[in-house]
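So in the UniProt record's numbering, spot 29 of the sequence shown is number 29, and the numbers just go up one at a time. Built from N, CA and C at the ideal position, the CB exists for glycine as well. Comments concern the structure below.
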Amino acid sequence: MSKKVLVVDDAAFMRMMVKDILTKNGYEVVGEAENGAQAIEKYKELNPDLVIMDITMPEVDGIQAVKEIKGMDNNANIVMCSAMGQQAMVIESIQAGAKDFIVKPFQADRVLEAVKKVLG
Numbered sequence: 001m002s003k004k005v006l007v008v009d010d011a012a013f014m015r016m017m018v019k020d021i022l023t024k025n026g027y028e029v030v031g032e033a034e035n036g037a038q039a040i041e042k043y044k045e046l047n048p049d050l051v052i053m054d055i056t057m058p059e060v061d062g063i064q065a066v067k068e069i070k071g072m073d074n075n076a077n078i079v080m081c082s083a084m085g086q087q088a089m090v091i092e093s094i095q096a097g098a099k100d101f102i103v104k105p106f107q108a109d110r111v112l113e114a115v116k117k118v119l120g
């Protein structure tokens, strides 16, 4: 059975890129969200095996969304992504409960490496 993934990014182009990488490699993208508030709702609704989440988004940012999702489900698997290689944000997202971090622009092999690492 393929693993279910929720892709969260405020840029439709980025969601499409991630979705493309995942579906070509046997993962099922069950949902998309364009901000943290949607991500939290979709997580409740879809219960995915993994969330790939952007940090910088309108309304609710990725770090806040991670905290809320981990609050509902301590076993949630979340991989963060951001264009900014800012050390503080990486550390903050890991402390919030993210299991790995991908820097944009995405390299397909790095995305898959993170997904495999987190899902085992």
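Near residue i, what residues of its chain come up, given a Cβ to Cβ distance below 8 Å and the 5 sequence neighbours on each side ignored?
i: Lys99; result: Asn77, Ile78, Val79, Lys117 and Val118
Buried or exposed for residue i, please, with buried defined as at least 16 other CB atoms from any protein chain shown within 10 angstroms of its CB.
i: Asp49; result: buried
i: Asp109; result: exposed
Taking just the CA atoms, how far does residue j sit from residue i?
i: Val18; j: Val111; result: 8 Å
i: Gln95; j: Phe101; result: 12 Å
i: Tyr27; j: Val7; result: 12 Å
i: Gln107; j: Leu22; result: 12 Å
i: Val30; j: Val5; result: 6 Å
i: Asp73; j: Met57; result: 22 Å
i: Ser93; j: Glu113; result: 18 Å
i: Met89; j: Asn35; result: 17 Å
Starting from residue i and walking both ways along the alpha helix (DSSP H), at which residues does that stretch end?
i: Val90; result: Gln87 to Ala96
i: Met72; result: Gly62 to Met72
In terms of residue numbering, what span does the beta strand (DSSP E) encompassing residue i cover?
i: Asp109; result: Counting along the chain, Asp109 falls outside any beta strand (DSSP E), though it belongs to the alpha helix (DSSP H) covering Ala108 to Leu119.
Using only CA atoms, which one of the options lies nearest to residue i?
i: Ile40; options: Lys24, Asp20, Val66 and Phe13; result: Val66
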